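Chains as they are written, first to last, in the working numbering: chain Z, 1 to 241; chain F, 1 to 205; chain G, 1 to 223. C-beta atoms are modelled at their ideal positions from N, C-alpha and C, and glycine is treated no differently. All values reported here derive from a predicted model rather than from experimental measurement. Following: one structure in structure tokens, then a few remarks.
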Amino acid sequence: MLKYKTSYFYRLASPKVSYVLADRLLPWIASVAGILLLYGVIAGLFFAPVDYQQGDGFRMIYIHVPAAFLSLAIYSVIFISSVIYLIWHIKLADFCAKSSAGIGATYTLIALISGALWGKPMWGTWWIWDARLTSELILLFLYCGYLGLRSAIRDRERSAKAAAILAIAGMIDVPIVHFSVEWWATLHQGATLAKWARPSIDNDMLYPLLGMIAGFGFFYLTILCVRLRSDLLKREWQLKS
Amino acid sequence: MFKVSALSLERNDQKIFSNLTFNVEAGTLVRVLGPNGSGKSSLLKVLAGLWTPSSGTLYWRGEPLAANAPLFALERCYLGHQLGLQPALSPLQNLTLWLQVSGVSVTPAKIREALELLGLADLEGPCENLSRGECQRVALAMLWLNPPVCWILDEPLTALDRMGIEVVCEQFEMHLKKGGLIFMATHQVFEIPSPQAFEIQLGEL
Amino acid sequence: MRHAFWAVMRGDITRYIQRLSDCLIPFLFCLMVVSVFAISLGQNTALLAKVGPAIIWIAILLALVWSLEGILRMDYETGSLEKLVLSPHPLPLLLLAKLVAHWLMIGVPLLLLSPLLAFMLGLTNGEPWILGITLLLGIPLFSMIGALGAALSIGLPQGGVLLAILVLPWMLPVVLLGTRCVAAMSAGLSFKPELLLLLAMFVFLLALGPVAISVALKTSVSC
């Protein structure tokens, strides 16, 4: 039974099957992403009640929180794909990691910039060196390092394996950085009383937020499908020529 | 002794060689021939265990290489294009270092003897001051100080002069007589009398 | 196995001794970086003392990582790395020998240099001592993390800069702990917890580091 299951898994990961799958799923995923994002944006911008503390400014949450959450989630996807690639040498896992890195880095950048834009009017400062923000910045560096290494190595197998090792080492690093910055910041507690905490939240505000998070997630899956298709096509073309 | 079944290698989506199968016994000289860029060095690297093939299995003394790796590591010696000599160390220091790393203990006297055999006895300075031919001789000296069974050599005779080639061919002959195995990629034509010899011709896919 | 370990270590130390002038370069680099900071912030002694430890950490970090990258690159180009990978002895052990040689010949001089650097930046009240102790643990840590980055990016044209980008996120916890140690000392608090954490990281990396580096090296050499 196990043998049947693992062979099914390998078959699923073959280029032809995954191309067809990506092709078929793409319109559905894209539509779901579109609907969720539309709902999130409209409900969040127009229908969610005004926050008593921050006024209309709190609406930045609908961009900032999904981007931040997804940036870490996508890095976890890269981590898991890297582990799968190193252990089972499934090329699809490598494609997945490679294609996710770009959009993960973009989400991280969006999170950092939207956070800064939110922080200035709300808490009076563009940036603070507390655990959460520093970890997000380090995550951006990890993404950039990953993308840099992948593009610097010309050989395909070496690029895939080296990037996989890098991703695994980076994933171990993220909680350590978070913890050590938190610990480091407590020594300077006097200066950093302002905390960019997520506000405790009303249902009318929560549902659009969940919608946006899911929307960002499905958008990521859409981009992943598109890039997977084009990567597979490119590889087939290179094989033929 | 060394068996290969359905070996194939693919790099960057390019097939380098595919479906290679052979079985060599002790005392065989295997020449790997082919035009430039046909994958001779790649094949030798796969045989040495440096590169993993895309598919196929290698067997050493009847066991698959994956299971037999430590034994194979002790019994094989690979000499690539880059000779693996530290430029800052002298020939004697280099040989001492690499013999220890390969798991062999050899006295300095024996090393000097081997260097003398190759005409390098009076070279004390660092290897970066030696010519490519002299460096090649130092690298080859490791072959007969370290008694491995399987020699995998990538163009071992390119920079040697006629005398050097003669000495080295003698050593090859002795090794084959003792039941050793030699895989060699070379462009040069020379005669080594050996009980068995065969050729692998690459570049015809 | 012991013989191979000592042989590799001896071989590397001989190389460093033959190229003593190359060993001076990390030394000079640290001196220059610290001098630049000392000169440009010279008037503001309080600020200088505050950022001092971090500057010294970063200077030593870069010096170590770049010198290690140079050694590994030379080994890669001469084919010595292939010989190490093909050796019947475990690769992590041989790599540990190389790292130990690097610590002895480049790490220890930098460690001995640190009191001078601390003095140049106006650190007082026993801070140089704490800095020295944290560096005693930090330098091997930097070496191992740098070696992992170097093993991944070996032979690439972008070389040193890419390596610095790869390695910086991993170095951050070590640098933070080290500077916090010194800051705690100067604030009169106990620095034991941070020091113990550094020790824990050191032990953890000593056990896993060579293994990870050998996996990365095998990847880079086999392609």
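Partner residues on chain F for Leu239 of chain Z, Cβ-Cβ distance less than 8 Å: Asp13
Between which residues of its own chain and Phe142 of chain G is the CB-CB distance below 6 Å, once the five residues before and five after are set aside? Leu61, Leu64
Ser105 of chain F versus chain G: which residues are under 8 Å apart at the beta carbon? His3
In chain order, what residues of the same chain lie with their CB nearer than 8 Å to the CB of Ile13 of chain G, ignoring the 5 residues before and after it? Ala101, Leu104, Met105
Rounded separation between Thr106 of chain Z and Ile113 of chain Z - CA only: 11 Å
First through last residue of the alpha helix (DSSP H) which encompasses Gln100 of chain F: 91–101
Thr179 of chain G classed as buried or exposed, judged by whether at least 16 other C-beta atoms fall within 10 angstroms: buried
Where Ile154 of chain G sits in the DSSP three-state scheme: coil
Kindly indicate if chain F contains any beta-carbon less than 9 Å away from that of Arg156 of chain Z. yes
With a cut-off of 9 Å, does the C-beta of Thr179 of chain G fall near any C-beta of chain Z? yes
Out of G:Leu117, G:Ser220, G:Gly159, G:Ala187, state which residue places its alpha-carbon closest to the alpha-carbon of Leu48 of chain G. G:Leu117
Assign Glu199 of chain F to one of two classes, buried (16 or more other C-beta atoms within 10 Å of its C-beta) or exposed (fewer than that). exposed
Is there a Cβ from chain Z that is less than 9 Å from the Cβ of Trp103 of chain G? no
Is Thr28 of chain F helix, strand or coil by DSSP? strand
Mind checking the stretch 121–148 of chain Z against chain G and listing, in chain order, the residues whose C-beta falls within less than 7 Å of any C-beta there? Ile138, Phe141, Leu142, Cys144, Gly145, Gly148
Hey, out of G:Leu94, G:Met185, G:Ile58, G:Ser80, whose CA is closest to Leu110 of chain G's CA? G:Ile58
Comparing alpha-carbon positions, which option in Z:Ile80, Z:Gly104, Z:Lys240, Z:Arg59 lies nearest Gly44 of chain Z? Z:Arg59
Only counting the same chain, and skipping five residues up and downstream in sequence, which positions put a Cβ closer than 7 Å to that of Leu205 of chain G? Leu141, Met144
Looking only at C-alpha atoms, which of G:Phe202, G:Met120, G:Gly11, G:Leu84 sits nearest to Thr45 of chain G? G:Met120
Would the stretch 213–225 of chain Z count as touching the stretch 17–36 of chain Z if we require 3 or more Cβ pairs under 8 Å? yes
Return no unless some Cβ of chain G is closer than 9 Å to the Cβ of Lys91 of chain Z. no
What is the DSSP secondary structure of Ala194 of chain Z, reduced to helix, strand or coil? In this prediction, Ala194 of chain Z scores a pLDDT of 39, lower than 50, which makes its location untrustworthy; no coordinate-derived value is stated.
Pull the bridge partners of Pro64 of chain F from the DSSP assignment, please. F:Tyr59
If the criterion is Cβ atoms closer than 9 Å, does the pair Ala139 of chain F and Arg15 of chain G meet it? no
Taking just the CA atoms, how far does Arg112 of chain F sit from Asp173 of chain Z? 51 Å
Give the straight-line distance between the Cα atoms of Asp161 of chain F and His89 of chain G, rounded to the nearest whole angstrom. 35 Å
For Lys3 of chain F, the first and last residue of its enclosing alpha helix (DSSP H): Lys3 of chain F -> not in any alpha helix (DSSP H); beta strand (DSSP E) instead, spanning 2–11.
Using 8 Å as the threshold, is the stretch 137–153 of chain F in touch with the stretch 76–96 of chain F, meaning 3 or more CB pairs across them? yes
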